[in-house]
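Per the UniProt record's numbering, residue 1 is the first one in the sequence shown, and the count goes up by one each step.
We put the CB at the ideal spot given by N, CA and C, even for glycine.
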Amino acid sequence: MNPYVLTILLSSLGLGTVLTFASSHWLLAWMGLEINTLAIIPIMARQHHPRAIEATTKYFLTQATAAAMILFASTTNAWLVGEWEIHQLSHPLATTTAMLALALKLGLAPVHFWLPEVLQGIELTTGLILSTWQKLAPFALMIQVAPTINSSLLITLGLLSTLVGGWGGLNQTQLRKILAYSSIAHLGWMVLILKFAPSLTLLSLLLYIIMTSSAFLALKTNNSLTINTLATSWTKAPTLAALTTLVLLSLGGLPPLSGFMPKWLILQELTKQGLPLSATLAAMAALLSLYFYLRLCYAMALTIYPNTLTATAPWRLNFTHLTLPLSVVTILALGLLPLTPAVTAMLTL
Numbered sequence: 001m002n003p004y005v006l007t008i009l010l011s012s013l014g015l016g017t018v019l020t021f022a023s024s025h026w027l028l029a030w031m032g033l034e035i036n037t038l039a040i041i042p043i044m045a046r047q048h049h050p051r052a053i054e055a056t057t058k059y060f061l062t063q064a065t066a067a068a069m070i071l072f073a074s075t076t077n078a079w080l081v082g083e084w085e086i087h088q089l090s091h092p093l094a095t096t097t098a099m100l101a102l103a104l105k106l107g108l109a110p111v112h113f114w115l116p117e118v119l120q121g122i123e124l125t126t127g128l129i130l131s132t133w134q135k136l137a138p139f140a141l142m143i144q145v146a147p148t149i150n151s152s153l154l155i156t157l158g159l160l161s162t163l164v165g166g167w168g169g170l171n172q173t174q175l176r177k178i179l180a181y182s183s184i185a186h187l188g189w190m191v192l193i194l195k196f197a198p199s200l201t202l203l204s205l206l207l208y209i210i211m212t213s214s215a216f217l218a219l220k221t222n223n224s225l226t227i228n229t230l231a232t233s234w235t236k237a238p239t240l241a242a243l244t245t246l247v248l249l250s251l252g253g254l255p256p257l258s259g260f261m262p263k264w265l266i267l268q269e270l271t272k273q274g275l276p277l278s279a280t281l282a283a284m285a286a287l288l289s290l291y292f293y294l295r296l297c298y299a300m301a302l303t304i305y306p307n308t309l310t311a312t313a314p315w316r317l318n319f320t321h322l323t324l325p326l327s328v329v330t331i332l333a334l335g336l337l338p339l340t341p342a343v344t345a346m347l348t349l
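1) Serine 11: which of Ser24, Leu38 and Leu28 sits nearest, CA to CA?
2) With a CB to CB cut of under 7 Å and the five nearest residues on each side skipped, what residues in its chain are close to alanine 103?
3) How would you write the range of the alpha helix (DSSP H) that glycine 188 sits in, first residue to last?
4) Quick check: the Cα distance between tryptophan 167 and tyrosine 291, rounded to an integer number of angstroms?
5) In this structure, how does DSSP classify threonine 232 when only helix, strand and coil are distinguished?
6) Can the beta-carbon of alanine 185 be found less than 7 Å from the beta-carbon of serine 278?
7) If you follow the alpha helix (DSSP H) that residue 356 is part of, which residue opens it and which one closes it?
8) For the putative contact between threonine 212 and tryptophan 189, defined by C-beta atoms under 8 Å, what is the C-beta separation to the nearest angstrom?
9) Distance, Cα to Cα, proline 256 vs proline 341?
10) If we count the other Cβ atoms within 10 Å of its Cβ and call it buried at 16 or more, is proline 262 buried or exposed?
11) Excluding the 5 residues flanking threonine 148 on each side, which residues of the same chain have their C-beta closer than 8 Å to its C-beta?
12) Does the distance from the CB of methionine 300 to the CB of leucine 217 come in under 7 Å?
13) Do alanine 45 and isoleucine 53 come within 7 Å of each other at the CB atom, strictly closer than that value?
14) Spatial neighbours of valine 118 within its chain, please: CB distance less than 6 Å, with the 5 preceding and 5 following residues excluded, ordered by chain position.
15) Using the rule of at least 16 other Cβ atoms within 10 Å of the residue's Cβ for burial, across every protein chain shown, is serine 23 buried or exposed?
16) Mind checking which residues open and close the alpha helix (DSSP H) that includes methionine 69?
17) Leaving out five residues before and five after alanine 286 in sequence, what residues of the same chain have Cβ atoms less than 6 Å from its Cβ?
Structural data, given as structure tokens:
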């Protein structure tokens with residue numbers, strides 16, 4: 001793709017998100033989301049491959065449906081209540097429709113079916129943008145709308161997403177689909193606590209972006225798209241293979257790593273709010289996700305690939321990728337747990 005065109009598209013992507021952040025009026029927020037969607041579509045379709053075009057079409061249709069639902073919800077609220085402000089969304093019909101529209105934009109269960117298929121059809125760099133940056137604008141709206149939404153709806157969406165995200169990834173061999181189900185599960189944790197502690201949702205979103213960026217960049221550096229090709233990565237870059245296994249365990253939420261912090265604080269908050277059953281179900285669903293992360297770690301660090309492997313063995317050449325972003329996000333994905341007391345102190349301010 002022409003660098004000038006790419007620069008314009010990436011600038012539009014940033015503009016759309018910032019516009020949604022800055023808006024207090026539903027129409028302006030909707031406009032930001034539309035700019036965002038229209039900017040990423042050419043980036044997704046730049047491969048000129050039938051799978052990429054199919055994924056782009058699916059993405060466009062789901063995002064257009066969600067945008068239409070947001071317009072419908074805001075218009076309904078303006079008709080019934082007389083308010084266009086995002087904070088003034090008060091009618092039950094409008095709030096429920098807006099929440100489901102934002103769930104569709106993010107890929108929360110039960111409206112998650114597009115996300116694994118779309119991620120599978122696009123390359124890893126675009127998948128990284130889709131899994132991280134594209135979540136910011138809908139989450140900004142969701143946090144503003146959350147106080148008026150029924151907590152039972154949010155808890156149901158959250159628990160369903162954590163279960164579907166864990167369950168769906170169990171039988172996958174494609175790494176992009178596994179990361180898509182991982183994304184659904186993490187979004188479920190964020191929505192679960194959204195009503196009770198929005199600051200914890202933001203913390204979870206930040207750590208999710210750091211860990212997912214690290215995972216995507218590591219897979220791109222290794223040029224791995226399936227579990228089979230992961231087995232060849234330790235011969236090319238042993239250090240990176242070892243660090244990637246730790247990043248995957250951090251995504252699973254194991255204690256010495258950064259990923260444990262949001263899960264720990266969310267379970268603690270749910271228990272304080274008198275929801276021990278929801279906390280138990282979420283913790284059990286996290287074990288499902290942990291299983292497929294462990295499966296990836298096993299394939300990456302504890303197996304030697306057979307000589308009859310169908311994948312093409314990559315050349316062991318020097319890396320040409322820029323590895324500074326990977327280094328930074330990997331360090332953050334592994335070592336932030338000791339900052340938990342400082343984070344909890346900041347959250348209580």
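If we stick to the structure as given:
1) What you label residue 11 is simply residue 11 of the sequence shown in a count that begins at 1. Closest by alpha carbon: Leu38.
2) To locate residue 103, count along the sequence shown from 1; it is residue 103. Around alanine 103, the same chain offers Val111 and Leu157 as residues with beta carbons nearer than 7 Å, after the five sequence neighbours per side are excluded.
3) Taking the sequence shown and counting its residues from 1, one reaches residue 188 at position 188. Unbroken alpha helix (DSSP H) run through glycine 188: 175–193.
4) The residue labelled residue 167 in the question sits at position 167 within the sequence shown. The residue labelled residue 291 in the question sits at position 291 within the sequence shown. Across the structure, tryptophan 167 and tyrosine 291 are spaced so that their CA atoms are roughly 10 Å apart.
5) On the sequence shown, residue 232 is found 232 positions in, with the first residue counted as 1. Here threonine 232 sits in coil by DSSP.
6) Your numbering for residue 185 matches position 185 in the sequence shown. Your numbering for residue 278 matches position 278 in the sequence shown. No Cβ-Cβ contact shorter than 7 Å links alanine 185 with serine 278.
7) Any answer about residue 356 is impossible in this case: the structure gives the chain only from 1 up to 349.
8) What you label residue 212 is simply residue 212 of the sequence shown in a count that begins at 1. What you label residue 189 is simply residue 189 of the sequence shown in a count that begins at 1. About 13 Å separates the two Cβ atoms, so there is no contact after all.
9) For the purposes of this step, residue 256 is taken as the residue at position 256 of the sequence shown. For the purposes of this step, residue 341 is taken as the residue at position 341 of the sequence shown. Their backbone Cα atoms lie some 14 Å apart in a straight line.
10) On the sequence shown, position 262 is the one that residue 262 refers to. Burial call: buried.
11) Counted from its first residue, the sequence shown places residue 148 at position 148. Same-chain partners within the cutoff: Leu89, Ser90 and Thr95.
12) Position 300 of the sequence shown holds residue 300. Position 217 of the sequence shown holds residue 217. The beta carbons of methionine 300 and leucine 217 sit no closer together than 7 Å.
13) Taking the first residue of the sequence shown as 1, we reach residue 53 at position 53. Taking the first residue of the sequence shown as 1, we reach residue 45 at position 45. The answer is yes: Cβ separation under 7 Å.
14) Here residue 118 corresponds to residue number 118 of the sequence shown, with the count starting at 1. Around valine 118: Ala55, Lys58 and Tyr59.
15) As a working note, residue 23 is residue 23 in the sequence shown. Serine 23 comes out buried.
16) Here residue 69 refers to the residue found at position 69 of the sequence shown. Methionine 69: member of the alpha helix (DSSP H) spanning 50–80, first to last residue.
17) Indexing the sequence shown from 1 puts residue 286 at position 286. Answer for alanine 286: Gly253, listed in chain order.
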